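Undergrad: Our numbering puts the first residue of the sequence shown at 1, with every later residue one more than the last.
Backbone N, C-alpha and C define an ideal beta-carbon position, used for all residues, glycine too.
From a predicted model like this one, the values you see are computed outputs, not experimental measurements.
Sharing a structure, written as structure tokens. Questions coming.
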Amino acid sequence: MEPEIYRERLRLGTWTTISLGLLICALTPLAALQLFASGREPLLAWLYGGLDLFFVAIYMNFRALTVSITGSGVRVAFGFIRKTVHVEDIASVEPVTTSFGMYGGYGIRFGGDDALAFTVSYGDGVRIRMKRGRPFVFTTENPGRVLELLNGLIRPAEDRG
1 MEPEIYRERL RLGTWTTISL GLLICALTPL AALQLFASGR EPLLAWLYGG
51 LDLFFVAIYM NFRALTVSIT GSGVRVAFGF IRKTVHVEDI ASVEPVTTSF
101 GMYGGYGIRF GGDDALAFTV SYGDGVRIRM KRGRPFVFTT ENPGRVLELL
151 NGLIRPAEDR G
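Set out below in structure tokens:
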């Protein structure tokens, strides 16, 4: 495995975490109540239990965004869902401001700018313009550093190619 020259992990926002936690905490007793209360419908217990497990799985996968840069490119991951962009495929990189209006929320989104976006917050991000295909956007706490590193990787790749 190639050594990383940059790595950051961005956690899901506090209010989003609290909201999901409250939803999970509400569904768990509802499922138990439906399952163990006499005369209740077991179908509702399975429904509440299934929703509970679904939201736990969503939270576990999307609770943090990991950005890592190596000499060959950048990898952005939400749990087991990853996007890898190789240096040879990058046309340019630029700073971007992510917003609810553009990307419609947190997570993996298709933006109004036709970009695939991995976002955990609104504000600073990086847009990678691809040589072929749709742009890729991700949030970062250090856009200046990420841009500097990616630009440093792109230029030598252009000189070789």
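Considering only their Cβ atoms, is the gap separating LEU20 from TYR48 smaller than 7 Å?
TA: In this structure, LEU20 does not lie closer than 7 Å to TYR48 by Cβ.
Undergrad: Going by the beta-carbon positions, is the gap between ALA77 and LYS131 smaller than 7 Å?
TA: Not a contact, by the Cβ cut-off of 7 Å.
Undergrad: If contacts are defined as beta-carbon pairs under 8 Å, then ARG129 and VAL96 qualify, I think. What distance do you get, rounded to the angstrom?
TA: About 11 Å; that fails the 8 Å criterion.
Undergrad: Beta-carbon within less than 7 Å of TYR122's beta-carbon, same chain only, minus the 5 sequence neighbours each way: which residues are those?
TA: The answer, listed in chain order, is THR98, SER99 and PHE100.
Undergrad: Near LEU27, what residues of its chain come up, given a Cβ to Cβ distance below 6 Å and the 5 sequence neighbours on each side ignored?
TA: Excluding positions up to five away in sequence, the list reads TYR48, LEU51 and ASP52.
Undergrad: By Cβ distance below 6 Å, which residues in the same chain neighbour LEU150 in space, the five residues on each side in sequence not counted?
TA: Same-chain partners within the cutoff: VAL93.
Undergrad: Cutting at 8 Å between CB atoms, please list the residues of its own chain near GLY13, excluding the five before and the five after it.
TA: Excluding residues within five positions, the ones whose Cβ falls inside 8 Å are TYR106, VAL120 and SER121.
Undergrad: Between which two residues does the beta strand (DSSP E) harbouring SER92 extend?
TA: Here the beta strand (DSSP E) through SER92 covers 90-98.
Undergrad: By Cβ distance below 6 Å, which residues in the same chain neighbour GLY35 in space, the five residues on each side in sequence not counted?
TA: Per the sequence presented here, residue 35 reads as Leu, with Gly not at that position. Closer than 6 Å at Cβ, skipping near neighbours: ALA45.
Undergrad: Start and end of the beta strand (DSSP E) containing LEU12?
TA: Neither: LEU12 is in no beta strand (DSSP E) and is coded neither H nor E.
Undergrad: How would you call GLY152, buried or exposed, if buried means at least 16 neighbouring beta carbons within 10 angstroms?
TA: Flag for GLY152 reads exposed.
Undergrad: Name the residue from ALA32, SER68 and LEU30 whose alpha carbon lies nearest to the alpha carbon of MET1.
TA: Measuring from the Cα of MET1, the nearest candidate turns out to be SER68.
Undergrad: Strictly by DSSP, which residues pair up with LYS83?
TA: VAL76, per the DSSP bridge assignment.
Undergrad: Distance check for PHE80 and GLU148, CA to CA, integer angstroms please.
TA: Approximately 27 Å between the Cα atoms of the pair.
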